[in-house]
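What follows is one structure encoded as structure tokens, with my remarks underneath.
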Amino acid sequence: MLTLPEQSGRARSAPKFRSLGLPPVAPELQRAVEHFYHGEAELLDDWEWRAWVELFTADAHYRMPIRRNRLRRQRKTDEADDLGGLEVAHVDDDRTSLDMRIQQLESGMHWAEDPPSRSRHLVTNVRVKAAALDDGTPVEGEYHVRSNFLVYRNRLEAEVDVWAGERRDVLRADDGATGFRIADRIVLLDQNLVLSKNLSVFF
Amino acid sequence: MDINDRLQELVDWEHGLIGPEIFIDDAIYRRELEALFGRAWLFIAHDSMLAAPGDFLNTYMGGDPVLAIRQKDMSVRVFLNACRHRGMKICRAEDGNARTFMCTYHGWTYNTAGELINVPNLDTAYFNELDQKRWGLVEVAQVAQYKGLWFATFDPTAPPLEEFLGDMLYYIDAWVDRTPGGIEVLPGVVKWTIHGNWKLGAEQFGGDGYHAVITHASSLGTFDPSFLRDIKGIEFASRQGHGYSMIFDRMTRFADDPLGRYNQEQVPERLERLGPDRANTVGNFTVFPNLSGLPGSANLRMWHPKGPNEFEIWSWTIVDKDAPEEVKRAQRTSAAFTEGAAGVVETDDGENWDLIGQMLERGVQTRKMAWNYQMGHGHETDHDPVYPGRVLRNYFGEGPQRAFYRRWLEFMTSDEWPRTAPAEPERVEHEAGELALSRKGALRADAS
Ligand code: FES
Ligand SMILES: [Fe+2]
Numbered sequence: 000m001l002t003l004p005e006q007s008g009r010a011r012s013a014p015k016f017r018s019l020g021l022p023p024v025a026p027e028l029q030r031a032v033e034h035f036y037h038g039e040a041e042l043l044d045d046w047e048w049r050a051w052v053e054l055f056t057a058d059a060h061y062r063m064p065i066r067r068n069r070l071r072r073q074r075k076t077d078e079a080d081d082l083g084g085l086e087v088a089h090v091d092d093d094r095t096s097l098d099m100r101i102q103q104l105e106s107g108m109h110w111a112e113d114p115p116s117r118s119r120h121l122v123t124n125v126r127v128k129a130a131a132l133d134d135g136t137p138v139e140g141e142y143h144v145r146s147n148f149l150v151y152r153n154r155l156e157a158e159v160d161v162w163a164g165e166r167r168d169v170l171r172a173d174d175g176a177t178g179f180r181i182a183d184r185i186v187l188l189d190q191n192l193v194l195s196k197n198l199s200v201f202f
Numbered sequence: 000m001d002i003n004d005r006l007q008e009l010v011d012w013e014h015g016l017i018g019p020e021i022f023i024d025d026a027i028y029r030r031e032l033e034a035l036f037g038r039a040w041l042f043i044a045h046d047s048m049l050a051a052p053g054d055f056l057n058t059y060m061g062g063d064p065v066l067a068i069r070q071k072d073m074s075v076r077v078f079l080n081a082c083r084h085r086g087m088k089i090c091r092a093e094d095g096n097a098r099t100f101m102c103t104y105h106g107w108t109y110n111t112a113g114e115l116i117n118v119p120n121l122d123t124a125y126f127n128e129l130d131q132k133r134w135g136l137v138e139v140a141q142v143a144q145y146k147g148l149w150f151a152t153f154d155p156t157a158p159p160l161e162e163f164l165g166d167m168l169y170y171i172d173a174w175v176d177r178t179p180g181g182i183e184v185l186p187g188v189v190k191w192t193i194h195g196n197w198k199l200g201a202e203q204f205g206g207d208g209y210h211a212v213i214t215h216a217s218s219l220g221t222f223d224p225s226f227l228r229d230i231k232g233i234e235f236a237s238r239q240g241h242g243y244s245m246i247f248d249r250m251t252r253f254a255d256d257p258l259g260r261y262n263q264e265q266v267p268e269r270l271e272r273l274g275p276d277r278a279n280t281v282g283n284f285t286v287f288p289n290l291s292g293l294p295g296s297a298n299l300r301m302w303h304p305k306g307p308n309e310f311e312i313w314s315w316t317i318v319d320k321d322a323p324e325e326v327k328r329a330q331r332t333s334a335a336f337t338e339g340a341a342g343v344v345e346t347d348d349g350e351n352w353d354l355i356g357q358m359l360e361r362g363v364q365t366r367k368m369a370w371n372y373q374m375g376h377g378h379e380t381d382h383d384p385v386y387p388g389r390v391l392r393n394y395f396g397e398g399p400q401r402a403f404y405r406r407w408l409e410f411m412t413s414d415e416w417p418r419t420a421p422a423e424p425e426r427v428e429h430e431a432g433e434l435a436l437s438r439k440g441a442l443r444a445d446a447s
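Going down the list, the sequences are from chains A and B. The numbering of the first sequence is numbering that gives the first Met the number 0, which starts it at 0 and goes up by one. The numbering of the second sequence is numbering that gives the first Met the number 0, which starts it at 0 and goes up by one.
This is the structure in structure tokens:
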């Protein structure tokens with residue numbers, strides 16, 4: 000609990016977390032989701048791509064929209080919303096095409112990742128919300144989670160990329176070992192012009 | 000040594016030998032910005048990217064930012080995106096719609112016709128003595144379009160666009176004109192950065208089908224192994240520097256996707272419009288100097304130079320304008336899977352270009368080592384009975400690359416716009432429908 004020094008003899012109430020627009024979340028749930036992300040990051044950084052892709056449900060989408068430079072008055076408040084339209088994207092995968100990317104990585108001929116990149120996925124600012132239908136009915140065991148990432152890549156001798164961004168996930172509680180599965184992921188990479196020679200790692 | 004002599008020595012296109020200094024040397028790059036990008040016709044936009052009056056987009060012509068704006072009369076004008084006061088960018092959004100552009104430095108404001116229409120404190124700062132009419136935006140020398148593809152040049156002496164495109168028109172028609180409605184470009188650009196020289200991308204798209212088998216073994220070779228087996232096709236090399244590697248009897252990269260089915264349905268129409276020699280083909284092309292594309296993967300792109308050893312790829316997805324919405328959506332999804340910074344095909348191209356750039360930047364001996372451009376040399380003809388240009392009846396070859404550097408050398412070493420001898424005599428075409436008439440015929444059809 001935050002406590003603030005008393006001023007002029009009157010206690011000031013601590014700022015409320017809720018006032019930032021974030022709903023309260025049970026500490027166990029918060030911990031479970033973060034634990035899941037730490038495990039996921041470990042799979043990626045250990046090059047366990049096959050195990051990683053199994054974290055996605057069969058109906059999952061994994062998408063990375065482009066980020067645009069537009070005047071405020073013309074940009075959509077949420078760039079990711081445009082995914083329903085025809086705007087081009089960096090990635091627009093379903094589970095089938097995601098599996099094909101794993102197949103490519105395992106082919107032994109995907110030169111952009113062979114030798115593989117060294118990566119570190121740092122996942123922070125995890126914000127969990129229980130999923131609900133439009134009329135407010137909660138969706139049992141489903142969560143909308145926003146998190147921030149910083150991904151460091153180092154490859155071959157001297158190549159370095161640092162990518163920051165946000166992930167918007169739909170997680171489903173799962174009885175299996177991992178606790179959750181990813182039913183949807185939108186990756187917002189914080190670059191308009193991608194500053195790297197490729198995006199051959201997952202986020 | 001005089002730079003012209005040096006360039007002649009480095010670019011021995013006739014023997015298929017290129018000295019890689021042309022990919023890294025700073026003086027050569029500066030000359031390139033002036034002599035090549037300052038004169039050649041450069042791609043600006045497709046019609047659909049500037050649909051309504053006031054629509055604008057920001058792009059580059061060589062090293063310089065330009066603003067292309069659709070006018071009320073539906074013409075397109077192209078201006079340097081630089082304020083006449085202190086050279087600040089007057090428009091920083093990549094695209095949008097506007098009536099005016101206010102420079103955010105001191106507030107000089109221009110309209111869509113490039114006129115300076117407002118100067119803050121004109122009275123108290125300039126004593127009303129500034130002649131606004133003389134301080135409009137700098138405009139490019141010429142703008143022209145071919146079937147909705149807009150190009151511009153800084154050189155008032157450049158010959159007409161059609162002459163510049165030359166025998167490439169026959170091949171451009173194969174993807175812009177295959178349906179009555181033509182093409183449209185989906186919204187948005189995928190942009191990414193390679194630390195290498197822009198010509199590495201441009202020359203590869205012109206003619207290097209050879210790399211696909213190895214570079215793309217994990218994608219093209221794995222997902223549809225038949226794609227790279229027994230490729231039948233041709234290579235086209237233009238005297239104007241353009242090139243195209245064409246694969247016969249394919250309509251998309253992956254045979255059984257939804258686009259393949261749509262394309263299959265389109266076959267009769269395409270056959271009628273284009274004739275059997277162009278209808279069901281895919282491939283990769285470069286329109287000299289830095290526009291490229293992949294008909295078959297619906298891709299169009301620019302290679303924007305950003306220094307001797309850095310370029311940006313700006314990649315668009317094109318669809319048939321009249322195609323159903325779900326086909327356009329499928330094309331968007333398919334293009335994202337294969338092309339772009341994260342495309343399964345293209346990630347492996349980045350690995351090549353970037354590492355070559357790193358080596359040239361640091362090396363001395365590697366810069367002196369001539370590169371081999373001899374593939375298919377001596378097996379080409381200028382008199383193919385079907386295809387215009389210098390043609391190799393084989394998918395593997397480096398004729399387009401030799402033609403590219405021959406033309407590049409001419410731009411780099413001549414004081415005037417390098418006119419070539421008149422093109423080969425107009426070819427009389429087989430009965431392929433009105434748009435596959437002679438080159439001139441196709442142009443007339445467009446002008447009407
Ligand atoms: S630089 Fe544009 S108003 Fe001064
Ligand atoms: Fe390639």
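Backbone N, C-alpha and C define an ideal beta-carbon position, used for all residues, glycine too.
request  = Please report how far the alpha carbon of Leu359(B) lies from the alpha carbon of Ala57(A), in whole angstroms.
outcome  = Along the second sequence, read from residue 1 onward, the residue named residue 359(B) stands at position 360. Along the first sequence, read from residue 1 onward, the residue named residue 57(A) stands at position 58. Leu359(B) and Ala57(A): Cα-Cα distance of roughly 46 Å.
request  = List in chain order the residues whose CB is within less than 7 Å of at least one heavy atom of ligand 1.
outcome  = Any residue whose Cβ sits closer than 7 Å to a heavy atom of ligand 1 makes the list: Cys82(B), His84(B), Arg85(B), Gly86(B), Met87(B), Ile89(B), Cys102(B), Tyr104(B), His105(B), Gly106(B) and Trp107(B).
N- and C-terminal bounds of the alpha helix (DSSP H) containing Met108(A) = The residue labelled residue 108(A) in the question sits at position 109 within the first sequence. Boundaries cannot be given for Met108(A), as no alpha helix (DSSP H) includes it and DSSP labels it neither H nor E.
query = In chain order, what residues of the same chain lie with their CB nearer than 8 Å to the CB of Thr76(A), ignoring the 5 residues before and after it?
reply = Sequence index remark: in the first sequence, residue 76(A) carries index 77 (1-based). Residue placement at Thr76(A) is flagged as unreliable, the pLDDT there being 49, under the threshold of 50; a coordinate-derived value is accordingly withheld.
task = Anything in chain B within Cβ reach of Glu165(A), meaning under 9 Å, just list it in chain order.
result = Here residue 165(A) refers to the residue found at position 166 of the first sequence. The contacting residues do not exist; Glu165(A) stays about 17 Å from chain B at best.
request  = Using only alpha-carbon positions, find the residue among Phe410(B), Lys320(B) and Leu115(B) that is nearest to Ser47(B).
outcome  = Translated into the one-based positions of the second sequence, residue 47(B) becomes position 48. That would be Lys320(B), whose Cα lies nearest to the Cα of Ser47(B).
query = Gln29(A) versus chain B: which residues are under 8 Å apart at the beta carbon?
reply = As a working mapping, residue 29(A) is identified with position 30 in the first sequence. Chain B residues near Gln29(A): none, gap ~31 Å exceeds 8 Å.
query = Using a Cβ-Cβ distance under 8 Å, would Ala211(B) count as near chain A?
reply = Translated into positions along the second sequence, residue 211(B) becomes position 212. Residue-level contact by beta carbon fails for Ala211(B) and chain A, as no gap is shorter than 8 Å.
message = On the DSSP letters alone, give me the boundaries of the alpha helix (DSSP H) that Tyr61(A) sits inside.
response = By 1-based counting over the first sequence, the position of residue 61(A) is 62. Where Tyr61(A) is concerned, there is no enclosing alpha helix (DSSP H), although the beta strand (DSSP E) it sits in stretches over Phe55 to Pro64.
key: Beta-carbon proximity check, Leu185(B) vs Arg331(B), cutoff 8 Å   = As a working mapping, residue 185(B) is identified with position 186 in the second sequence. As a working mapping, residue 331(B) is identified with position 332 in the second sequence. Yes, Cβ-Cβ distance for Leu185(B) and Arg331(B) is below 8 Å.
message = Checking 8 Å against the spacing of the C-beta atoms, do Gly295(B) and Val281(B) come in under that value?
response = Locating residue 295(B) in the second sequence gives position 296, counting from the first residue. Locating residue 281(B) in the second sequence gives position 282, counting from the first residue. Yes, the Cβ-Cβ distance between Gly295(B) and Val281(B) is below 8 Å.
Residues that Ile193(B) contacts on chain A, provided the C-beta gap is smaller than 8 Å = Reading the second sequence from its first residue, position 194 is the one you call residue 193(B). Lys196, listed in chain order.
query = Taking C-beta to C-beta, are Val10(B) and Tyr404(B) nearer than 8 Å?
reply = The residue you call residue 10(B) lines up with position 11 of the second sequence. The residue you call residue 404(B) lines up with position 405 of the second sequence. Taking 8 Å as the cut-off, the Cβ atoms of Val10(B) and Tyr404(B) count as close.
key: Rounded straight-line distance, which links the Cα of Gly208(B) to that of Pro119(B)   = As a first step, residue 119(B) must be located in the second sequence, where it is residue number 120. As a first step, residue 208(B) must be located in the second sequence, where it is residue number 209. Their backbone Cα atoms lie some 56 Å apart in a straight line.
ask   = How about the region 42-57 of chain B and the region 391-408 of chain B: do they share at least three Cβ pairs that are nearer than 8 Å?
value = No contact exists between the region 42-57 of chain B and the region 391-408 of chain B.
task = With a threshold of 16 other CB atoms inside 10 Å of the CB of Asp347(B), please say whether the residue is buried or exposed.
result = Locating residue 347(B) in the second sequence gives position 348, counting from the first residue. With 16 or more Cβ atoms within 10 Å of its Cβ, Asp347(B) is classed as buried.
request  = Kindly say whether Ser218(B), judged by its beta-carbon, lies nearer than 8 Å to any beta-carbon of chain A.
outcome  = As a working note, residue 218(B) is residue 219 in the second sequence. Interface residue, yes.
task = Look at the alpha carbon of Gly396(B) and the alpha carbon of Thr156(B), and state the distance between them as a whole number of angstroms.
result = For the purposes of this step, residue 396(B) is identified with residue 397 of the second sequence, where counting begins at 1. For the purposes of this step, residue 156(B) is identified with residue 157 of the second sequence, where counting begins at 1. CA-to-CA, the gap between Gly396(B) and Thr156(B) works out to about 34 Å.
query = For Ala182(A), which three-state DSSP category applies?
reply = Counting from one through the first sequence, the residue named residue 182(A) turns up at place 183. Residue state, collapsed to three classes: strand.
inquiry  = Tell me which residue opens and which closes the beta strand (DSSP E) that Gly95(B) is part of.
reply    = Within the second sequence, numbered from 1, the residue matching residue 95(B) stands at position 96. Note, Gly95(B): beta strand (DSSP E), Asp94 to Asn96.
Backbone CA spacing between Gly356(B) and Gly205(B) [nearest angstrom] = What you label residue 356(B) is simply residue 357 of the second sequence in a count that begins at 1. What you label residue 205(B) is simply residue 206 of the second sequence in a count that begins at 1. If you draw a straight line from the Cα of Gly356(B) to the Cα of Gly205(B), it is about 19 Å long.
key: Residue(s) in a DSSP beta bridge with Ala88(A)   = If you number the first sequence from 1, residue 88(A) lands on position 89. Answer by DSSP bridge pairing, in chain order: Pro64(A).
query = Which residues mark the beginning and the end of the alpha helix (DSSP H) in which Lys327(B) is found?
reply = Numbered from its first residue, the second sequence carries residue 327(B) at position 328. Counting along the chain, the alpha helix (DSSP H) containing Lys327(B) begins and ends at Glu324 to Thr337.
query = Quick one: does the C-beta of Asp348(B) sit closer than 7 Å to a heavy atom of ligand 2?
reply = Within the second sequence, numbered from 1, the residue matching residue 348(B) stands at position 349. Checking every heavy atom of ligand 2 against the Cβ of Asp348(B), one is found closer than 7 Å.
Within 8 Å of chain A by C-beta, residues of the region 331-342 of chain B in sequence order = Shown in chain order are the members of the region 331-342 of chain B whose Cβ falls below 8 Å from a Cβ of chain A: Arg331, Thr332, Ala334, Ala335, Phe336, Gly339, Ala340 and Ala341.
ask   = Looking at Val344(B) and ligand 2, is the gap between the Cβ and the nearest heavy atom below 7 Å?
value = Looking up residue 344(B) in the second sequence gives position 345. Checking every heavy atom of ligand 2 against the Cβ of Val344(B), one is found closer than 7 Å.
query = Less than 7 Å between the CB of Ala211(B) and some heavy atom of ligand 2, yes or no?
reply = Here residue 211(B) refers to the residue found at position 212 when the second sequence is read from its first residue. It does: the Cβ of Ala211(B) is within 7 Å (strictly closer) of some heavy atom of ligand 2.
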